[in-house]
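Everything below concerns the one structure shown next.
Residue numbers (full-length UniProt numbering): 1 to 323.
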């Protein structure tokens, strides 16, 4: 029989209590992280070049994630015939947010990097809630010691925009720069950039540089022509993957709550199928989900989508690790 937490404790329905991610335990002491997965908020949006508001992304994703906290003994998927995140089988904690210093990109990024390093030092899977996509820069910086010990990482990006700008008006650490900064790292073995389309954040020269620096770039239409399984097979097998998900990779018909929506995006299952395949194909060692700006979506659907993607991805990563 499945063990449900509400059978031995309080019912604790989603709309009561404190909004940690998935209503998992809060761990404010970053020197005492003892879990398989640790959630870190990065509510920073000073790297945004158009519509701001992603500083409220982590809070909105946490609130939306309570939808998946009914106390059931895991999440049973009848298509896979698997119960993901079984009760007592996977430990998850929410360690709160990195300290953000308003208008100070470098200090805020340093604080985000510090949080991710603490998670890695504890042996947990870091899952970072953005924030704009610039928060990926400190997340990748934080992997330097981990990669020195365990080997390089391959970055898989779900996004509408390439984010491969080198420098523009002196800006090198905004939300148009993260994949360029990642590609420069000696411990990043390559990038799979999926969903890139329409008017991007990067000029033609940036695409040329990306390919020279090891990027495989596919649009949504190209991915649909290939199929999810074939796309996953283009990602190096047996590698350590860092997955960065920009919510604008999804079509704005299902994810309007973002600063730079781009039509022609993914539907939910296209992304889930790719991520599920990657969880089996290699080892996912880090995750961030960025660019949720809840004020542009009064339905709350974008934040719910973000929470659902993360819950499903975490479940599949842990199932692959623990069998």
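The beta carbon of each residue, even a glycine, is placed where N, CA and C say it ideally should be. As the structure is a prediction and not an experimental result, all values here were calculated from the model.
Mark residue 200 as exposed unless 16 or more other C-beta atoms lie within 10 angstroms of its C-beta, in which case mark it buried.
If you number the chain shown from 1, residue 200 lands on position 200. Burial call: buried.
State buried or exposed for residue 197, treating a residue as buried only when at least 16 other CB atoms are found within 10 Å of its CB.
Against the chain shown, residue 197 aligns to sequence position 197. So residue 197 counts as buried.
Compute the Euclidean distance between the alpha carbons of residue 297 and residue 260, then round it to the nearest angstrom.
Taking the first residue of the chain shown as 1, we reach residue 297 at position 297. Taking the first residue of the chain shown as 1, we reach residue 260 at position 260. Their Cα atoms are separated by approximately 13 Å.
Only counting the same chain, and skipping five residues up and downstream in sequence, which positions put a Cβ closer than 6 Å to that of residue 125?
For the purposes of this step, residue 125 is taken as the residue at position 125 of the chain shown. For residue 125, where only same-chain residues beyond five positions count, the Cβ hits under 6 Å are 37.
Could you tell me whether the segment 222-231 touches the segment 278-287, where touching means 3 or more Cβ pairs closer than 8 Å?
no
Specify the secondary structure class of residue 269 as computed by DSSP and reduced to three states.
Position 269 of the chain shown, counted from the first residue, corresponds to residue 269. Helix.
Which runs of the beta strand (DSSP E), 3 residues or longer, sit entirely within the segment 158-237?
Taking 3 residues as the shortest admissible run, the segment 158-237 contains the following complete beta strand (DSSP E) segments, listed from N- to C-terminal end: 188-194 and 215-218.
Does residue 99 pass the burial test, meaning 16 or more other C-beta atoms within 10 Å, or should it be called exposed?
Position 99 of the chain shown holds residue 99. Exposed is the call here.
With a threshold of 7 Å on Cβ separation, who are the neighbours of residue 258 within its own chain once the five nearest residues in sequence on each side are excluded?
The residue given as residue 258 occupies position 258 in the chain shown. Excluding positions up to five away in sequence, the list reads 247, 248, 291, 292, 293, 296 and 302.
Taking only beta-carbon positions, decide if residue 122 is within less than 7 Å of chain D.
Chain labels in this structure do not include chain D; a single protein chain is all it has.
Tell me whether the beta-carbon of residue 132 lies closer than 7 Å to the beta-carbon of residue 175.
The residue given as residue 132 occupies position 132 in the chain shown. The residue given as residue 175 occupies position 175 in the chain shown. Their beta carbons are under 7 Å apart, which means residue 132 touches residue 175 by this criterion.
For my contact list, residue 55 and residue 43 are in at a C-beta cut-off of 8 Å; report their separation, rounded to the angstrom.
In the chain shown, counting from the first residue as 1, residue 55 sits at position 55. In the chain shown, counting from the first residue as 1, residue 43 sits at position 43. Contact flag correct, Cβ pair sits at about 4 Å.
Determine whether the beta carbon atoms of residue 235 and residue 287 lie at a separation below 7 Å.
Taking the first residue of the chain shown as position 1, residue 235 is located at position 235. Taking the first residue of the chain shown as position 1, residue 287 is located at position 287. Not in contact: residue 235 and residue 287 (Cβ atoms no closer than 7 Å).
For residue 194, which of 264, 185 and 129 has the nearest alpha-carbon?
By one-based count along the chain shown, residue 194 stands at place 194. Nearest C-alpha to residue 194: 264.
If you reduce the DSSP assignment to three classes, tell me which class residue 130 lands in.
By one-based count along the chain shown, residue 130 stands at place 130. Strand, per DSSP.
Apply the 10 Å Cβ neighbour rule to residue 169 and answer buried if 16 or more other Cβ atoms are within range, or exposed otherwise.
Within the chain shown, residue 169 is the residue found at index 169, counting from 1. By the 16-neighbour rule on beta-carbons within 10 angstroms, residue 169 is exposed.
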